[in-house]
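**Q** Yeah, the sequence shown ends on 782 if you go by the numbering used here, and it's all consecutive. From the three backbone atoms N, C-alpha and C, an ideal C-beta is built for every residue, glycine too. Below is one structure. I have some questions about it.
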Amino acid sequence: MLTNINLLEKELETLNTREKTLNDELSVLLSNQDSIEKQMLSIKNLVPAIQIITQDAHNLSNTITFTAALADNISKKVRELDVTKRHVVACLRRANDIIDLKKCTDGVKLALEDEEYEQAAAHIHRYLNIDSTSLQLSDDPAEGSGLHQALLSLEEAEKKLKQIVNIKFDQAVEIGHLPEAMRFFKIFPLLNLHQIGLQKFCKHLCLQINNHGEQMLKKTLEIPFNHKRYPVLYSDYLTSLFEYIADIVETYQPLVETYYGHGKLFNFVSMLQSACDTQVEHAMSSYKSKRQFDNTYRRIQNSSTLTNLNQSDSSSADKPDPRELDDFLAEITLINASCELYLRFIRRRLNADCEAAYPLVDNVKTDACLQQLKEIEKFVNQSGLSRILHAFINQYITIEDYFMRESIYKAIIIDSPNMVDDVFFILRKCLKRSTSSANVEGICAMLNHAVSILDSVYREHLYVRLKAGYPSGFDLSQAYTVIQSSIQLGKLQGNDIEKLKQIFLTTFNNVETTYGNLHTLKNLLDEELKKSLTLNEHNKTKIDSCLNELNSVANRFKDLIELACQQLSASAIKPRIKTLMDIYITVNHKLSEDEFSQFEANDPFIQNFIVQVDLLFAQFKSVLSTANYDRLVSASANEIVTMWEKVLFKCGYNRLGGLQFDKEVRSLMIYLTNATSLPIRDKFQRLTQIATLLTLEKLKEIHDYWDPTSGKITWRLTPSEVRQILNLRTDFRNDDVRALKL
């Protein structure tokens with residue numbers, strides 16, 4: 041109970057507020073009375089329709105319930121019918137099997153009596169394909185003993201027919217009656233004797249292959265020494281053998297696929313391969329004996345390869361002469377090529393048969409297909425032929441490497457004017473021979489050996505000659521001192537100086553030619569490999585990697601070109617240019633109007649400088665290749681620009697002197713641009729910008745040019761260098777130059 045007056049007043053205020061709110065709500069409700077009454081009337085009018093809908097919904101519910109019960113009942117009956125149907129189908133199948141069994145029993149008996157073995161095999165095949173469960177169910181004593189008797193009769197007929205087919209096939213093979221043998225070969229799969237049929241037939245074919253191989257080898261060995269095919273008689277023999285086996289595979293593959301099914305070719309070929317391996321082994325044994333292969337190989341292995349180019353061949357008398365190995369290697373590569381071609385043929389046939397046996401599922405090979413492909417690859421790689429070929433390829437690589445290395449050594453020692461052509465003739469010959477072997481491992485190995493020889497032998501030989509300099513690696517004064525002392529001691533004759541120069545220049549040209557030849561060789565080999573070989577992604581990557589090594593070694597020869605150019609420029613060009621540039625310091629560069637006019641008609645420096653430089657270049661133009669001459673001019677341009685820039689800081693200029701300097705720079709730039717096909721103008725950018733600064737009329741004009749951020753001119757000079765150059769102008773105050781904001 042409230043006793044406090046304040047609380048009472050507060051409670052009264054709350055009640056008044058609530059009363060006002062309720063009054064407002066009542067007013068709103070009363071104002072909507074007409075609308076509410078209309079809505080109630082509408083609802084009242086809808087009541088009959090709602091009652092009808094309710095009744096319809098009730099009826100629909102009853103209908104759905106009835107339909108569901110009916111559907112459930114029908115479903116049950118359908119399931120029962122389905123079970124009954126399966127029983128009926130099983131009964132019909134059993135009945136058909138029993139009828140077929142009866143036909144087979146009668147048919148096989150008549151066929152055997154008439155020696156219609158194909159027909160008898162067809163009946164046995166039908167009997168073997170009858171569901172064993174069906175036969176067990178049918179073999180019920182309640183159904184009588186007739187079915188049981190039929191089964192016994194068919195089992196006996198099956199055994200008898202298998203025995204007949206085996207005997208008849210063996211007899212046909214023994215007397216060499218191929219059509220009769222083929223007749224029974226086709227019957228084996230009907231009796232579920234796929235493996236036995238293939239084994240027997242392949243045994244017969246292996247016998248043929250062995251006989252053919254032995255006869256061919258005997259004829260091969262009878263070929264006289266002077267016969268034109270004598271150098272390649274073993275490659276001819278192996279080619280003939282592989283063609284014979286490939287012809288057998290092509291002939292009987294359709295029969296194997298038709299009667300034995302796809303996927304059986306693998307078994308067929310694997311059985312034939314044993315005979316192939318045997319004949320190849322015999323042939324290679326005969327080859328090594330007749331060609332004295334092992335003796336030659338052993339001599340090559342035991343010989344110490346020349347590492348010192350000055351060592352004579354006589355130091356190793358037992359070393360085989362590379363010239364004697366040419367025909368030897370040619371036959372080896374032909375043998376390799378024949379083997380690789382045959383292996384590719386077998387791999388291609390087996391892979392195609394495997395893919396036919398295991399079709400794609402959603403355009404993807406099945407696991408069974410992939411597994412079979414792995415088995416095929418394993419079989420090809422582990423076959424006796426592959427093992428023989430692998431060992432033979434390794435021996436070939438050793439012999440080919442010896443031939444290439446020794447031949448290149450001889451070319452270097454002889455040092456004829458055609459040395460580069462000789463070296464690349466040998467390289468092309470050896471590498472092309474390796475590509476003709478069609479063996480990826482052999483090709484990659486020979487490419488690696490070629491790169492090794494080029495880098496460690498041939499390039500090293502050229503490097504030693506270039507490192508000696510032009511003519512001796514010293515500057516002119518040092519060279520003069522050394523040469524004079526050598527002449528006095530009798531070590532060097534006067535005309536030897538010219539010989540040293542000629543050797544250097546020839547080597548310079550040889551390096552440049554080698555650089556171009558390497559790129560040409562790489563492109564030729566690339567095209568040759570694309571034409572002659574079909575490579576998978578893995579092998580293509582391996583060969584591309586080896587070919588790219590030729591580009592790498594070419595870049596190392598490019599470094600030699602730069603070294604030679606620097607040596608020649610430093611020894612023959614730089615000292616002379618330095619002497620000519622020293623004259624520039626003695627020339628007046630603070631010109632009057634009259635002097636400037638006189639200089640225009642008769643320049644005291646640049647005209648003579650260009651004449652002297654041209655004479656200097658002329659002695660090399662006729663002896664250097666065009667590319668090397670261009671490089672020399674370009675390198676000399678660098679020296680000229682660098683020296684001139686150093687010299688001009690020792691001089692003082694007025695504006696007319698700056699204008700004269702600008703004319704001189706342009707004259708020299710035009711001359712050098714015409715002297716070479718390489719770009720020259722970029723080398724003169726700093727001198728051109730120096731000329732711009734030296735030709736300013738007023739110091740403040742620098743702001744018209746100097747703005748590194750504008751992008752109009754790419755300044756090669758730093759702000760400190762700009763101030764240093766402006767200080768060369770004797771008419772500009774040093775304080776004003778120092779105050780410039782750059």
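Along the alpha helix (DSSP H) that carries L374, what are the first and last residues, could you check?
**A** In the sequence shown, the residue the question calls residue 374 occupies position 334. From DSSP, the alpha helix (DSSP H) with L374 extends over 366-397.
**Q** Across which residues does DSSP place L119 in a beta bridge pair?
**A** Taking the sequence shown and counting its residues from 1, one reaches residue 119 at position 79. The displayed chain sequence assigns Arg, not Leu, to residue 119. Partner(s): none; R119 has no beta bridge.
**Q** As a quick exercise: from I650, L656, R671, A731, pick the residue whose alpha carbon is nearest that of L688.
**A** As a first step, residue 688 must be located in the sequence shown, where it is residue number 648. Of the candidates I650, L656, R671, A731, the one whose C-alpha sits nearest the C-alpha of L688 is A731.
**Q** Give the DSSP bridge partners of Y693, in chain order.
**A** Locating residue 693 in the sequence shown gives position 653, counting from the first residue. The partner list for Y693 (beta bridge, DSSP) reads R769.
**Q** Leaving out five residues before and five after H559 in sequence, what residues of the same chain have Cβ atoms less than 7 Å from its Cβ?
**A** Here residue 559 is taken as the residue at index 519 of the sequence shown, counted from 1. Taken in chain order, the residues that qualify are A594.
**Q** Give a yes or no on whether the C-beta atoms belonging to V289 and F308 are separated by under 9 Å.
**A** By 1-based counting over the sequence shown, the position of residue 289 is 249. By 1-based counting over the sequence shown, the position of residue 308 is 268. Yes, they are a contact pair.
**Q** S592 to Q422, Cα distance in whole Å?
**A** Reading the sequence shown from its first residue, position 552 is the one you call residue 592. Reading the sequence shown from its first residue, position 382 is the one you call residue 422. So the alpha carbons of these two residues sit roughly 36 Å apart.
**Q** Using CA atoms only, rank isn't needed, just tell me which of L194, S275, M709, E53 is closest to I680.
**A** To locate residue 680, count along the sequence shown from 1; it is residue 640. Measuring from the Cα of I680, the nearest candidate turns out to be M709.
**Q** Can you check DSSP and say which residues form a bridge with V401?
**A** Against the sequence shown, residue 401 aligns to sequence position 361. Looking at the DSSP assignment, V401 forms a beta bridge with V404.
**Q** From the DSSP output, in three-state form, read off Q332 for me.
**A** The residue given as residue 332 occupies position 292 in the sequence shown. In the structure shown, Q332 sits in coil (DSSP, three-state: anything other than H, G, I, E or B).
**Q** Please determine, among S343, S378, F241, G216, the residue with the shortest C-alpha to C-alpha distance to E446.
**A** For the purposes of this step, residue 446 is taken as residue 406 along the sequence shown, with counting starting at 1. Checking every option, the nearest Cα to that of E446 belongs to S343.
**Q** Does the segment 192-203 touch the segment 161-171, meaning 3 or more C-beta pairs lie closer than 8 Å?
**A** yes
**Q** Given L718, which residues of its chain have a CB within under 8 Å of its CB, disregarding the five upstream and five downstream residues?
**A** Taking the sequence shown and counting its residues from 1, one reaches residue 718 at position 678. Excluding positions up to five away in sequence, the list reads D670, R671, V673, S674.
**Q** Could you tell me the distance, in whole angstroms, from the CA atom of N694 to the CA atom of Q607?
**A** Taking the sequence shown and counting its residues from 1, the one referred to as residue 694 is at position 654. Taking the sequence shown and counting its residues from 1, the one referred to as residue 607 is at position 567. Computed Cα separation, rounded: 38 Å.
**Q** Is it true that the CB of C379 sits closer than 9 Å to the CB of F306?
**A** Indexing the sequence shown from 1 puts residue 306 at position 266. Indexing the sequence shown from 1 puts residue 379 at position 339. Cβ atoms of F306 and C379: not closer than 9 Å.
**Q** Below 8 Å on the Cβ atoms is my contact criterion, and I expect R721 with T713 to pass it. Report the Cβ-Cβ distance as a whole number of Å.
**A** Start at 1 with the first residue of the sequence shown, and residue 721 comes out as number 681. Start at 1 with the first residue of the sequence shown, and residue 713 comes out as number 673. In this structure R721 is in contact with T713, their Cβ atoms being roughly 7 Å apart against a cut-off of 8 Å.
**Q** Can you name the start and end residues of the alpha helix (DSSP H) that R363 belongs to?
**A** Numbered from its first residue, the sequence shown carries residue 363 at position 323. It is not in any alpha helix (DSSP H) - R363 carries neither H nor E in the DSSP assignment.
**Q** Contact between the segment 398-416 and the segment 361-380: three or more CB pairs below 8 Å?
**A** no
**Q** Could you tell me the distance, in whole angstroms, from the CA atom of Q159 to the CA atom of Y292?
**A** Here residue 159 refers to the residue found at position 119 when the sequence shown is read from its first residue. Here residue 292 refers to the residue found at position 252 when the sequence shown is read from its first residue. Approximately 23 Å between the Cα atoms of the pair.
**Q** In this structure, how does DSSP classify F645 when only helix, strand and coil are distinguished?
**A** Indexing the sequence shown from 1 puts residue 645 at position 605. Of the three classes helix, strand and coil, the one that applies to F645 here is coil, per DSSP.
**Q** Taking its Cβ as the centre, do 16 or more other Cβ atoms sit within 10 Å of H784, making it buried, or is it exposed?
**A** Only positions 41 to 782 of the chain appear in this structure, which leaves residue 784 out of reach.
**Q** Verify whether the separation of the beta carbon atoms of F597 and Y624 is less than 9 Å.
**A** One-based indexing of the sequence shown puts residue 597 at position 557. One-based indexing of the sequence shown puts residue 624 at position 584. No. Outside cutoff.
**Q** With a 10 Å radius around its C-beta and 16 neighbouring C-beta atoms as the bar for buried, classify S199 as buried or exposed.
**A** By 1-based counting over the sequence shown, the position of residue 199 is 159. Here the sequence assigns Lys to residue 199, which means Ser is not the residue at that position. Looking at its Cβ environment, which holds fewer than 16 other Cβ atoms inside 10 Å, K199 is exposed.
**Q** Could you give the first and the last residue of the continuous alpha helix (DSSP H) run that contains H217?
**A** Taking the first residue of the sequence shown as 1, we reach residue 217 at position 177. Careful: H217 lies outside any alpha helix (DSSP H) and carries neither H nor E.
**Q** Here's a check: name, in chain order, each residue in its chain whose Cβ is nearer than 8 Å to the Cβ of S572, leaving out the five neighbours to either side.
**A** Counting from 1 along the sequence shown, the entry for residue 572 is found at position 532. So the list reads T475, S476, A478, once near-sequence residues are dropped.
**Q** When the distance is taken between beta carbons, is L487 closer than 9 Å to L587?
**A** Within the sequence shown, numbered from 1, the residue matching residue 587 stands at position 547. Within the sequence shown, numbered from 1, the residue matching residue 487 stands at position 447. It is a contact, given that the beta carbons lie within the stated cut-off.
**Q** Taking all protein chains shown into account, decide if L529 is buried (16 or more other Cβ within 10 angstroms of its Cβ) or exposed.
**A** Locating residue 529 in the sequence shown gives position 489, where the first residue counts as 1. Residue placement at L529 cannot be trusted, given a pLDDT of 42 that sits under 50; what the coordinates show is reported in the next sentence. Counting Cβ neighbours within 10 Å, L529 comes out exposed, since fewer than 16 surround it.
**Q** Could you check whether I452 and Y498 sit closer than 9 Å to each other, using their CB atoms as the reference points?
**A** In the sequence shown, the residue the question calls residue 498 occupies position 458. In the sequence shown, the residue the question calls residue 452 occupies position 412. Yes, Cβ-Cβ distance for Y498 and I452 is below 9 Å.
**Q** Classify W684 as helix, strand or coil using the three-state DSSP reduction.
**A** In the sequence shown, counting from the first residue as 1, residue 684 sits at position 644. Three-state result, W684: helix.
**Q** Indicate whether I617 and S707 have their beta-carbon atoms separated by less than 9 Å.
**A** Numbered from its first residue, the sequence shown carries residue 617 at position 577. Numbered from its first residue, the sequence shown carries residue 707 at position 667. The answer is no: Cβ separation not under 9 Å.
**Q** In chain order, what residues of the same chain have a beta carbon less than 7 Å from the beta carbon of I236, not counting five sequence neighbours either side?
**A** For the purposes of this step, residue 236 is identified with residue 196 of the sequence shown, where counting begins at 1. If you ignore the 5 residues before and after I236, its C-beta comes within less than 7 Å of the C-beta of F228, all in its own chain and listed in chain order.
**Q** May I ask which residues mark the beginning and end of the alpha helix (DSSP H) holding D287?
**A** One-based indexing of the sequence shown puts residue 287 at position 247. That run of the alpha helix (DSSP H) goes 273-295.
**Q** Could you work out which residue in D643, S611, C691 is closest to L656 when comparing CA atoms only?
**A** Taking the sequence shown and counting its residues from 1, one reaches residue 656 at position 616. That would be S611, whose Cα lies nearest to the Cα of L656.
**Q** Kindly indicate which residue of L757, L233, K781, L734 has the alpha-carbon position closest to the one of N767.
**A** Taking the sequence shown and counting its residues from 1, one reaches residue 767 at position 727. Nearest option by C-alpha distance: L734.
**Q** Would you give the residue range spanned by the alpha helix (DSSP H) that F228 belongs to?
**A** Taking the sequence shown and counting its residues from 1, one reaches residue 228 at position 188. Per DSSP, F228 belongs to no alpha helix (DSSP H) and is neither H nor E.
**Q** Alpha helix (DSSP H) containing V480: first to last residue?
**A** Along the sequence shown, one-based indexing puts residue 480 at 440. First-last of the alpha helix (DSSP H) with V480: 480-493.
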